[in-house]
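Visitor: Numbering (the working numbering), first residue to last: 3 to 73.
Cβ coordinates follow ideal geometry from the N, Cα and C atoms, glycine included.
In this text the structure is predicted, and so the values were computed from the model without any measurement.
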Amino acid sequence: MMSRWGGAVLLIGSIIPNPLFDIIGLLAGSVRYPVRKFLPIVFAGKAIKSSGIAYGCFYGVGIVEWIVNAA
Numbered sequence: 003m004m005s006r007w008g009g010a011v012l013l014i015g016s017i018i019p020n021p022l023f024d025i026i027g028l029l030a031g032s033v034r035y036p037v038r039k040f041l042p043i044v045f046a047g048k049a050i051k052s053s054g055i056a057y058g059c060f061y062g063v064g065i066v067e068w069i070v071n072a073a
């Protein structure tokens with residue numbers, strides 16, 4: 003199962019901001035998922051998540067200012 007869907011599970015688990023990713027990472031280690039596959043997939047997922055949060059905060063402040071100034 004991990005050999006077929008492991009990359010997708012790791013990518014989606016690292017994109018979604020939740021504390022359950024620690025468990026997913028432990029499970030990947032327990033089934034000996036290769037580190038050479040694990041690190042790039044998790045890095046990409048964490049980069050996507052962090053970029054989304056940064057852009058959301060940046061544009062969210064602009065939206066709040068626009069609403070305050072419109073009122």
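Throw me the rounded Cβ distance for the Leu22 and Ile43 pair, which I believe falls under 8 Å.
Guide: Actually they do not touch by this definition, with Cβ atoms about 16 Å apart.
Visitor: Candidates Ile26, Ile18, Gly8, Glu67: which alpha carbon is nearest Lys51's?
Guide: When only C-alpha atoms are compared, the closest one is Ile18.
Visitor: At the level of alpha carbons, what is the spacing between Ala10 and Ala46?
Guide: Those two C-alpha atoms are separated by around 12 Å.
Visitor: Report the rounded CA-to-CA distance for Trp68 versus Tyr57, giving the unit in angstroms.
Guide: C-alpha separation (whole angstroms): 17 Å.
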